[in-house]
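Take the sequence shown: its letter number 125 is residue 125 in full-length UniProt numbering, and every next letter is one higher.
From the three backbone atoms N, C-alpha and C, an ideal C-beta is built for every residue, glycine too.
To start, the structure itself, in C-alpha cells.
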Amino acid sequence: MLVEFIYGKLPWRDVKSKKICQVKEDSFATLFRHGPVELYAVVDHIQTLKYETRPNYDYLREIISTICTSRNFKFSDPYDWEAGGESYETFEQLKNSYSTTSGTTRTTTASPSPQSRSQKVENFEKPKNEESFVEILEQQPSPPAEKFTDFSVKKKPEDDEHFEDAKDDTKKN
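And the structure:
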C-alpha cells in the first residue's frame, strides 16, 4: 500500500494475471528504489517474519513516522482526492460530471496545498544509477537492516515481547 501511495501505482498493475506472481517476486526488492532508504528496514523486518509471527508495529510506526518527519510530511496532509490535495480538482470534476449525468450538480473550491504530495515525492533522494536493488545486492554482501537506516529506532523487533512469544511457539512445534 505504501508503494502505491508513493508512486501512484504498483509495478504489476498493467501485467496480465499469469505473470503477476513473477513480477511481484522480481519487483519486491526494487519497489522502493526511488523512495526513502529507511523503507528497506521495513522490508527487512517483514522478510524475517513467519506466518505466525506478529510484526513489531511500534518499530514499523517509528520508521514511517521518522520518514514523514524528515521530509516534512504531516499526517494531516490531504490525500490527492481530498480538499487541498494535488488532484482534488480533477476528482471534483469527475464527480461533478457524474452528478451532471445523473441530474444533480455540485461545485466546490479547493484550498491550495503548500506542497503537494507529488512535489514531496520528488524530494526523495533518487539513486544515481538505474540499477535495481537486487543487482546492487548481488554485487556486495547484504548489510544488516541498521545499515540502511540513517536514524535511530528505539525498539528493534527482538525487543518486542510478541517476537519472543512467536520464537517460543515455533520451538514447541
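For residue i, would you say it is in contact with chain C, using Cβ-to-Cβ distances shorter than 8 Å as the test?
i   : result
P36 : The structure shown has no chain C; it contains just one protein chain.
Taking only the alpha-carbon atoms, compute the straight-line gap between residue i and residue j and give it to the nearest angstrom.
i   : j   : result
T69 : R61 : 12 Å
K74 : D80 : 14 Å
Y98 : F91 : 11 Å
P55 : N96 : 42 Å
E84 : V42 : It is Gly, not Glu, that sits at residue 84 in the sequence shown. Approximately 29 Å between the Cα atoms of the pair.
R33 : L49 : 22 Å
L39 : E82 : 25 Å
Y88 : D77 : 13 Å
E52 : Q93 : 46 Å
V37 : N72 : 16 Å
N57 : S65 : The amino acid occupying residue 57 in the given sequence is Tyr; Asn does not appear at that position. Each residue's Cα considered, the two are about 12 Å apart.
Closest to residue i by CA distance: which of the options is it?
i           : options               : result
I46         : G35, R33 and I63      : I63
residue 251 : I67, E86, L49 and S76 : Only positions 1 to 173 of the chain appear in the structure, and residue 251 is not among them; the question remains open.
Q.
Restricting to runs no shorter than 4 residues, where is the alpha helix (DSSP H) found entirely within the region 25 to 68?
A. 39 to 48
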